[in-house]
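In the UniProt record's numbering, the protein residues as written are 1 to 104. Just so you know, even glycine gets a beta-carbon here, dropped at the ideal spot from N, CA and C. Right, one structure below, let's go through it.
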């Protein structure tokens, strides 16, 4: 499954637009991570545990989006976007979405 952030795929022709494919996940922080990252926040620097958490969430959301697109009969997803938001105290939602297409 090819996924791109552009409207087209170079060298490919889009035969049909099948609708919006999306995938999302909600990840919660870990109390242990909160303590260590809180200390890191005091002294400065990257909050690596949170970066890893969001990377995992983005990968999962993209995977779910691709699964939905495949179930729709798509060969690719164009105009892929990612968004994140705090959904609850300590939880973050990541959603991936794009247009599922069938290539010629």
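Residues of its chain near residue i, where Cβ-Cβ distance is below 7 Å and the 5 sequence neighbours each way are ignored
| i | result |
| --- | --- |
| residue 72 | 18, 19, 21 and 100 |
Residue i vs residue j beta-carbon contact at 8 Å
| i | j | result |
| --- | --- | --- |
| residue 62 | residue 96 | yes |
| residue 2 | residue 76 | yes |
| residue 102 | residue 12 | no |
| residue 84 | residue 54 | yes |
Cβ shell of residue i (< 8 Å), same chain only, five flanking positions each side left out
| i | result |
| --- | --- |
| residue 7 | 78 and 79 |
| residue 68 | 21, 22, 23 and 100 |
Close Cβ partners of residue i (< 6 Å) along its chain, the five nearest in sequence each way excluded
| i | result |
| --- | --- |
| residue 26 | 87, 91 and 93 |
| residue 64 | 23 |
| residue 4 | 78 |
Residues sharing a beta bridge with residue i, DSSP
| i | result |
| --- | --- |
| residue 103 | 14 |
Three-state secondary structure (DSSP) of residue i
| i | result |
| --- | --- |
| residue 7 | coil |
Which parts of the region 48-92 are runs of the alpha helix (DSSP H), unbroken and 4 residues or longer, counting only runs that do not cross its ends? Segments of the alpha helix (DSSP H) lying fully in the region 48-92: 48-71.
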